[in-house]
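To start, the structure itself, in structure tokens.
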Amino acid sequence: MFRFEELEIWKLSVSYANEMYKLAGAFPQKEMYALADQLRRAAVSISNNIAEGSGGTNKDFSNFLSMAVKSALETVNILYIAENQDYISKEIRLVHYEKAEEIIRKIRSFRNRLAANE
Numbered sequence: 003m004f005r006f007e008e009l010e011i012w013k014l015s016v017s018y019a020n021e022m023y024k025l026a027g028a029f030p031q032k033e034m035y036a037l038a039d040q041l042r043r044a045a046v047s048i049s050n051n052i053a054e055g056s057g058g059t060n061k062d063f064s065n066f067l068s069m070a071v072k073s074a075l076e077t078v079n080i081l082y083i084a085e086n087q088d089y090i091s092k093e094i095r096l097v098h099y100e101k102a103e104e105i106i107r108k109i110r111s112f113r114n115r116l117a118a119n120e
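Numbering-wise (my numbering), the sequence shown opens with residue 3 and increments by one.
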């Protein structure tokens, strides 16, 4: 088992990416290679950065965790745009906003624990 597979933040981010894939699949066809694709890539980037960073030093891992947070924030921004374009409802955006907040909070907490152990 790889280090990242045991991490709650990785498990949450994979689940979030799966949700973003489903959500993006409901976007209009004209967005499949634009906004929907960007949402998918940003969401997958969260867990990718956690996995990739786990293979290095704590300092390297911390940098990758920062990138994971930025990717999560990117998904939030895309959700706002999707809502503004009437691709999703405000209620749907808020549900996923809260999940992104939880992931970001837990990644930051984990990153702080890593820094304390250096």
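For glycine and all other residues, C-beta sits at the position ideal for the given N, C-alpha and C.
Burial state of Phe4, where buried means 16 or more other Cβ atoms lie within 10 Å: Phe4 should be labelled exposed.
Buried or exposed by the 16-neighbour rule on C-beta atoms within 10 Å, applied to Lys101: buried
Separation of Ala70 from Ser47, as counted between CA atoms: 7 angstroms
Contacts around Ser64, its chain only, beta-carbon distance under 7 angstroms, and the 5 residues preceding and following it disregarded: Arg113, Leu116 and Ala117
Terminal residues of the alpha helix (DSSP H) in which Met69 lies: Asn60 to Asn86
Under 8 angstroms between C-beta atoms of Ala44 and Ser17: no
Ala19 versus Arg42: straight-line alpha-carbon distance, rounded: 7 angstroms
Residues near Asn60 in its chain [Cβ-Cβ closer than 7 angstroms; skip 5 each side]: Leu116, Asn119 and Glu120
Residue environment, Leu81, which counts as buried when at least 16 other CB atoms sit within 10 Å: Burial call: buried.
Neighbourhood of Asn51 by C-beta, 8 angstroms cutoff - its chain only, sequence neighbours within 5 removed: Phe66, Leu67, Met69, Ala70 and Ser73
Ala53 classed as buried or exposed, judged by whether at least 16 other C-beta atoms fall within 10 angstroms: buried
Buried/exposed call for Ala28, threshold 16 Cβ in 10 Å: exposed
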